[in-house]
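Visitor: Residues 1 to 596 in full-length UniProt numbering are what the sequence shown spells out, letter by letter.
Where is the CB? At the ideal position from N, CA and C, for every residue including glycine.
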Amino acid sequence: MADYQAPLRDMRFVLNEVFDAPALWASLPKIAENVDPDTADAILEEAGKITSGVLAPLNREADEQGCKWNEGEVSTPEGFKEAYQTIVEGGWNGLGGNPDFGGMGMPKTLVAQFEEMMQGANMAFGLAPMLTAGACLALDAHGSQELKEKYLPNMYSGVWSGAMDLTEPHAGTDLGIIRTKAEPNDDGSFNVTGTKIFITWGEHDMAENIIHLVLAKLPDAPKGPKGISLFLVPKFMVNDDGFLGERNQFSCGSIEKKMGIKASATCVMNFDGAKGWLVGEENKGLAAMFTMMNYERLGVGIQGIGAAEASLQSARGYANERIQSRAPTGAQQPEKAADPILVHPDVRRMLLTMKSYVEGGRAFSTYVAQWLDISKYSDNDEQRKHAEGMVALLTPVAKAFLTDRGLDTTIIGQQVFGGHGFIREWGQEQLVRDCRITQIYEGTNGIQAMDLMGRKVVASQGKLYELFVQDVASFIEENTGDAALKPYLEPLAASLERLSDVTEHVIKQAGDNPNAIGAAAVDYLDMFGYTALAYMWAKTVKAAAPKAEGDTSGFYTGKLKTARFYFDRLLPKTVSLAEGIRSGSDAMMALAANEI
1 MADYQAPLRD MRFVLNEVFD APALWASLPK IAENVDPDTA DAILEEAGKI
51 TSGVLAPLNR EADEQGCKWN EGEVSTPEGF KEAYQTIVEG GWNGLGGNPD
101 FGGMGMPKTL VAQFEEMMQG ANMAFGLAPM LTAGACLALD AHGSQELKEK
151 YLPNMYSGVW SGAMDLTEPH AGTDLGIIRT KAEPNDDGSF NVTGTKIFIT
201 WGEHDMAENI IHLVLAKLPD APKGPKGISL FLVPKFMVND DGFLGERNQF
251 SCGSIEKKMG IKASATCVMN FDGAKGWLVG EENKGLAAMF TMMNYERLGV
301 GIQGIGAAEA SLQSARGYAN ERIQSRAPTG AQQPEKAADP ILVHPDVRRM
351 LLTMKSYVEG GRAFSTYVAQ WLDISKYSDN DEQRKHAEGM VALLTPVAKA
401 FLTDRGLDTT IIGQQVFGGH GFIREWGQEQ LVRDCRITQI YEGTNGIQAM
451 DLMGRKVVAS QGKLYELFVQ DVASFIEENT GDAALKPYLE PLAASLERLS
501 DVTEHVIKQA GDNPNAIGAA AVDYLDMFGY TALAYMWAKT VKAAAPKAEG
551 DTSGFYTGKL KTARFYFDRL LPKTVSLAEG IRSGSDAMMA LAANEI
C-alpha cells in the first residue's frame with residue numbers, strides 16, 4: 001500500500017492554470033483582502049505536510065481500533081486527539097471561516113483542496129473538521145450576533161467542535177415528520193427533547209465542548225417541513241464569562257457498528273429537556289440548514305475524490321511493481337521473470353479510468369467551489385444571482401456523481417491488486433468501505449438525482465439548466481480556432497446537445513406522467529456528470545496543450561493523453577444513458593408488487 005501523498009502538483013495546476021483562481025480572488029474584494037497567490041501556495045504546502053505526515057499514517061490502525069463507547073462517553077483511536085490538536089494549533093478548523101469571529105476567510109476554491117487532502121488521508125478523522133465547518137457556516141449565516149460572538153471563535157479555533165443533528169429513527173429524507181420538540185422557556189431559551197440518530201462525531205474526547213445544531217419542532221409549529229426550527233444545543237453550558245459550566249441534559253446512547261469510517265463515532269443522541277437557543281427564525285430551520293448543505297454536499301463529493309485519489313496512488317504504485325506475464329507486444333523487462341502488470345491493456349484501462357475520474361472530478365469540484373465563492377462574495381447582484389443558480393444546479397451533481405465515480409474508482413483500484421486488494425493489509429478494501437457511505441449520507445444519491453431532475457430542471461422549466469449550457473457553449477465558441485482543442489470541442493458539443501435533448505424530453509413527459517422524473521433522475525444525473533467532466537477535460541486540454549511540447553516531466557503530456565482516453569472511452573456512456581432516459585417509466589412501473 002503506497003503512503004498517501006497530497007497531490008499538490010495537480011491541485012496547483014487546477015487552481016492556477018485551469019481556473020486562474022488568483023484572478024477570481026483579486027476580483028472579489030471580500031476575498032482579496034484575505035488571500036493572494038503566495039498565501040494560497042503556503043497554505044497548500046502546509047496542508048500537504050499535515051495530511052500526508054500526520055493524518056494518513058493513522059488511517060489504517062484507526063480503522064482497526066474504531067471508536068469505543070462507555071456509559072455515554074466516546075473515546076477515539078490512538079493518535080486522534082494529538083492529530084486534532086495539530087489541526088487546532090494550525091487554525092485549520094477556521095480556514096474558510098468569517099474573519100470577524102476568528103476565521104481565516106479563505107475562499108472555497110482553496111478550502112476545497114485542503115478538504116480533499118484531509119479526506120484522502122483519513123476520511124474518518126476528516127469528518128470532524130468538516131462537520132464543525134458546516135455548523136459554523138449555518139450559525140454564521142443565521143445565528144444572532146450574541147450566539148455568533150459566544151460560540152464561533154472557539155469553534156473556528158477547534159477548541160469546540162460542531163455536530164449536525166437532523167435524522168431520527170423514523171425520519172431520514174422526510175424531515176417533515178421529525179418528533180423532536182422544543183419547549184420555550186421564559187429566558188428565551190428552549191428545552192429540546194427527542195432522539196437523533198446517525199450523528200457524526202456527536203460525542204468524542206477530542207474537543208472541550210461539542211456544539212450541536214438540532215432540528216426540532218415548536219409546540220404550535222405547522223405540520224411538515226414548514227414547521228421545523230433549528231436550535232443550538234451545547235454539550236456543556238457556556239457561562240457569561242465564556243468558561244464552561246454544567247453539562248447539558250443530553251447524552252450519547254450508543255455508537256453504530258458500521259461498514260466503513262469505523263474510526264469516526266456515529267452516534268445516537270438522546271435529548272432530555274436539553275437547553276438550546278433558536279438559530280434563525282421560528283419554523284425556518286430547514287432554510288438555515290440548507291445554507292450549509294451546498295457546502296457540505298460538495299464536501300461529500302470531495303470525499304469521493306479523496307478516497308479515489310488514495311486508491312489511484314496505491315494502484316499505480318502496485319501496477320509498476322507487481323510482475324505477472326509478458327506484454328502482448330513482447331517482453332518489456334526481459335531481465336525479470338515477468339513484466340509489470342502496467343504493460344497490460346486491461347490494467348491500463350483500469351488506471352486511466354481512475355485517473356480520468358480523479359483529475360476530472362478535482363477540476364469539477366473546484367469549478368463548483370468557484371461558483372460558491374462568487375455567490376458568497378460578489379458585490380454584483382446579477383453576478384451573484386447567476387452564481388447562486390449555478391450552485392443550485394451543480395451541487396447535486398457534485399455530490400452524487402463524484403461519490404458514485406469515487407466508489408467506482410476505489411473498486412477498480414482494488415481490482416488492480418487482484419487478490420491482494422481483498423486483504424486488509426493493502427488498504428484498498430478500507431477505501432471501498434469508507435467511500436461507500438458518501439453515496440448515502442447528506443442525502444442519498446437517488447435523492448440528489450431527484451433534486452436535480454425535479455426541483456432544479458423540471459421545476460424551473462429548464463432555466464437553471466440553461467445556465468450550464470450557456471457556460472459550456474461560450475467556452476466552445478471562444479475556442480473554435482484552437483487547434484489543440486478541436487478534437488474535443490465537437491464531441492463536447494454533441495454530448496451537450498444530447499443532454500439538452502433529453503432534458504427537453506423529460507420536461508415534456510413530466511407534465512403528463514408523475515413517474516417521469518423519478519424514472520429518469522439517476523440516469524440523467526450520470527449523463528450530466530459525464531458531460532460536465534468532458535467540459536472539465538476540455539478546459540484541462542486548453543491549459544495543458546501550450547506547455548506539452550518539451551514537457552520532460554510527463555505532467556502536461558499525461559493530461560492530454562488522459563483527456564483523449566476520457567473522450568474516447570468514457571464520454572460515450574452518455575449515448576446509452578440517453579436511450580435509457582428516453583424509454584420512459586413504463587417498463588419500470590409495469591410490475592406489480594408481488595412480481596418484483
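Please state the DSSP three-state secondary structure of C67.
Guide: Sequence index remark: in the sequence shown, residue 67 carries index 67 (1-based). C67 carries a coil assignment under DSSP once its states are collapsed to helix, strand and coil.
Visitor: How is the beta strand (DSSP E) around F565 delimited, first residue to last?
Guide: Within the sequence shown, numbered from 1, the residue matching residue 565 stands at position 565. Taken as a continuous stretch (DSSP letters only), F565 belongs to no beta strand (DSSP E), being part of the alpha helix (DSSP H) at F555 to F565.
Visitor: Indicate the three-state DSSP secondary structure (helix, strand or coil) for S251 in the structure shown.
Guide: Locating residue 251 in the sequence shown gives position 251, where the first residue counts as 1. Note: S251 maps to strand in three-state DSSP.
Visitor: What does D346 pair with, by DSSP beta-bridge criteria?
Guide: Here residue 346 corresponds to residue number 346 of the sequence shown, with the count starting at 1. Answer is none; D346 lacks a bridge partner.
Visitor: For the beta strand (DSSP E) containing P184, list its first residue and its last residue.
Guide: Stepping through the sequence shown from its first residue, residue 184 is reached at position 184. Residues K181 to P184.
Visitor: With burial defined as no fewer than 16 other Cβ atoms inside 10 Å of the residue's Cβ, what is the status of M259: buried or exposed?
Guide: Here residue 259 corresponds to residue number 259 of the sequence shown, with the count starting at 1. It counts as exposed.
Visitor: How would you write the range of the alpha helix (DSSP H) that L537 sits in, first residue to last?
Guide: For the purposes of this step, residue 537 is taken as residue 537 along the sequence shown, with counting starting at 1. Looking at the sequence itself, residue 537 is Trp, so the reference to Leu does not match. Note, W537: alpha helix (DSSP H), A516 to A548.
Visitor: I need the DSSP call for N380, collapsed to helix, strand or coil.
Guide: Counting from 1 along the sequence shown, the entry for residue 380 is found at position 380. It is coil, neither helix nor strand.
Visitor: Let's test the definition: count the other Cβ atoms within 10 Å of the Cβ of V358 and tell me whether it reaches 16, buried, or not, exposed.
Guide: Within the sequence shown, residue 358 is the residue found at index 358, counting from 1. That one is buried.
Visitor: Of all the options K81, L499, T329 and D10, which has the alpha carbon lying nearest to the alpha carbon of F555?
Guide: On the sequence shown, position 555 is the one that residue 555 refers to. Closest option to F555, Cα to Cα, is D10.
Visitor: Cutting at 7 Å between CB atoms, please list the residues of its own chain near P107, excluding the five before and the five after it.
Guide: For the purposes of this step, residue 107 is taken as the residue at position 107 of the sequence shown. Closer than 7 Å at the Cβ level, and outside the excluded window around P107, lie W25, I31, V35 and D373.
Visitor: Give the range of the beta strand (DSSP E) segment to which G276 is assigned.
Guide: Sequence index remark: in the sequence shown, residue 276 carries index 276 (1-based). That run of the beta strand (DSSP E) goes T266 to V279.
Visitor: Between P234 and W69, what straight-line distance do the alpha-carbon atoms span, to the nearest angstrom?
Guide: In the sequence shown, residue 234 corresponds to position 234, counting from 1. In the sequence shown, residue 69 corresponds to position 69, counting from 1. If I take the Cα positions, the gap works out to 20 Å.
Visitor: Around the Cβ of K150, are there at least 16 other Cβ atoms within 10 angstroms (buried) or fewer (exposed)?
Guide: Here the question's residue 150 lines up with position 150 in the sequence shown. Result: buried.
Visitor: Is the distance from the Cβ of D434 to the Cβ of I261 below 7 Å?
Guide: Along the sequence shown, one-based indexing puts residue 434 at 434. Along the sequence shown, one-based indexing puts residue 261 at 261. Yes, they are a contact pair.
Visitor: Using DSSP's beta-bridge definition, name the partner residues of residue 597.
Guide: This structure leaves residue 597 out entirely; the chain is present only between 1 and 596.
Visitor: Tell me A216's beta-bridge partners as DSSP assigns them.
Guide: Stepping through the sequence shown from its first residue, residue 216 is reached at position 216. Beta bridge pairing from DSSP links A216 with S229.
Visitor: Rounded to whole angstroms, what is the Cα-Cα separation between S576 and L499?
Guide: Counting from one through the sequence shown, the residue named residue 576 turns up at place 576. Counting from one through the sequence shown, the residue named residue 499 turns up at place 499. Cα to Cα, S576 sits roughly 12 Å from L499.
Visitor: In terms of alpha-carbon separation, which member of I87, P77, D41 and V502 lies closest to S583?
Guide: Taking the first residue of the sequence shown as position 1, residue 583 is located at position 583. It is V502.
Visitor: Which whole-angstrom value describes the C-beta separation of I211 and W277, a residue pair presumed to lie in contact below a C-beta threshold of 8 Å?
Guide: Counted from its first residue, the sequence shown places residue 211 at position 211. Counted from its first residue, the sequence shown places residue 277 at position 277. Actually they do not touch by this definition, with Cβ atoms about 11 Å apart.
Visitor: Measure the CB-CB distance between A216 and F231 and report whether it falls below 7 Å.
Guide: Here the question's residue 216 lines up with position 216 in the sequence shown. Here the question's residue 231 lines up with position 231 in the sequence shown. Yes, the Cβ-Cβ distance between A216 and F231 is below 7 Å.
Visitor: H204 and V74 look like a contact to me (Cβ under 8 Å); what is the Cβ gap, rounded to whole Å?
Guide: As a first step, residue 204 is located in the sequence shown; it is residue number 204 there, counting from the start. As a first step, residue 74 is located in the sequence shown; it is residue number 74 there, counting from the start. About 5 Å; that satisfies the 8 Å criterion.
Visitor: In this structure, does DSSP put G188 in helix, strand or coil?
Guide: Locating residue 188 in the sequence shown gives position 188, counting from the first residue. Note: G188 maps to coil in three-state DSSP.
Visitor: Where do the N-terminal and C-terminal ends of the alpha helix (DSSP H) with G126 fall, by residue?
Guide: For the purposes of this step, residue 126 is taken as the residue at position 126 of the sequence shown. Start and end: M123 to H142.
Visitor: Pull up the DSSP beta-bridge partners for P234, would you.
Guide: Counted from its first residue, the sequence shown places residue 234 at position 234. In DSSP, P234 forms a bridge with I211.
Visitor: Considering only DSSP beta bridges, list what A288 is partnered with.
Guide: Here residue 288 refers to the residue found at position 288 when the sequence shown is read from its first residue. DSSP lists no partner for A288.
Visitor: Hey, would you say E309 sits closer than 7 Å to G120, going by beta carbons?
Guide: Within the sequence shown, residue 309 is the residue found at index 309, counting from 1. Within the sequence shown, residue 120 is the residue found at index 120, counting from 1. Yes, the pair counts as a contact, with Cβ atoms nearer than the cut-off.
Visitor: Please report how far the alpha carbon of Y441 lies from the alpha carbon of S229, in whole angstroms.
Guide: Within the sequence shown, numbered from 1, the residue matching residue 441 stands at position 441. Within the sequence shown, numbered from 1, the residue matching residue 229 stands at position 229. So the alpha carbons of these two residues sit roughly 21 Å apart.
Visitor: Using the rule of at least 16 other Cβ atoms within 10 Å of the residue's Cβ for burial, across every protein chain shown, is S378 buried or exposed?
Guide: One-based indexing of the sequence shown puts residue 378 at position 378. So S378 ends up on the buried side.
Visitor: When the Cβ atoms of the region 337-355 are set against those of the region 407-420, are three or more pairs found closer than 8 Å?
Guide: With a cut-off of 8 Å, the region 407-420 and the region 337-355 count as touching, because enough Cβ pairs lie within range.
Visitor: Distance check for G79 and A56, CA to CA, integer angstroms please.
Guide: Numbered from its first residue, the sequence shown carries residue 56 at position 56. Numbered from its first residue, the sequence shown carries residue 79 at position 79. The straight-line gap from Cα to Cα measures roughly 11 Å.
Visitor: Where do the N-terminal and C-terminal ends of the alpha helix (DSSP H) with V472 fall, by residue?
Guide: Residue mapping note: residue 472 aligns to position 472 of the sequence shown, counting from 1. Looking at the DSSP string, the run of the alpha helix (DSSP H) that includes V472 is K463 to E478.
Visitor: Given a cut-off of 7 Å, decide if G299 and T193 are closer than it, judged by their beta-carbon atoms.
Guide: The residue labelled residue 193 in the question sits at position 193 within the sequence shown. The residue labelled residue 299 in the question sits at position 299 within the sequence shown. Cβ atoms of T193 and G299: not closer than 7 Å.
Visitor: Note down the Cα distance separating L571 from E497, rounded to an integer number of angstroms.
Guide: Numbered from 1 along the sequence shown, position 571 holds the residue referred to as residue 571. Numbered from 1 along the sequence shown, position 497 holds the residue referred to as residue 497. Those two C-alpha atoms are separated by around 13 Å.
Visitor: Is it the case that the region 283-292 contacts the region 308-328, given that we only count it when at least three CB pairs across the two stretches are under 8 Å?
Guide: no
Visitor: Closest by CA to I412, which one among A221, P99, E388 and V347?
Guide: Here the question's residue 412 lines up with position 412 in the sequence shown. The residue with the shortest Cα to Cα distance from I412 is V347.
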